[in-house]
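These notes concern the structure reproduced below.
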Amino acid sequence: MKKQLSLHCPQCGCDQFVDAEQVQPSETVNCTACGAATLLSDLPETDTAWDAKRGELGKPVQS
116 MKKQLSLHCP
126 QCGCDQFVDA
136 EQVQPSETVN
146 CTACGAATLL
156 SDLPETDTAW
166 DAKRGELGKP
176 VQS
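Using my numbering, read the sequence shown as starting at 116 and increasing by one per residue.
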């Protein structure tokens, strides 16, 4: 099952959506609005970026 991530695109400023089964910080993601390719590890330090770096992306969120 694919997971949908909401990431802030540094090129056009929109929130891009990426379908990924296993996302690594070294993977490139493409913005669906402007098509800009960005390394996950180069994205602004959002919760998603931190989760990717910790290897916890896709795990259930504890609230």
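We treat Cβ as the ideally placed atom computed from N, Cα and C, and that holds for glycine.
Check	Outcome
Which listed residue (Leu155, Cys149, Leu154 and Thr153) has its alpha carbon closest to that of Cys129	Cys149
Identity of the residues DSSP links to Asp130 by a beta bridge	His123
Delimiting residues of the beta strand (DSSP E) encompassing Leu154	Ala152 to Leu154
Sheet register partners of Thr143 (DSSP bridge)	Leu154
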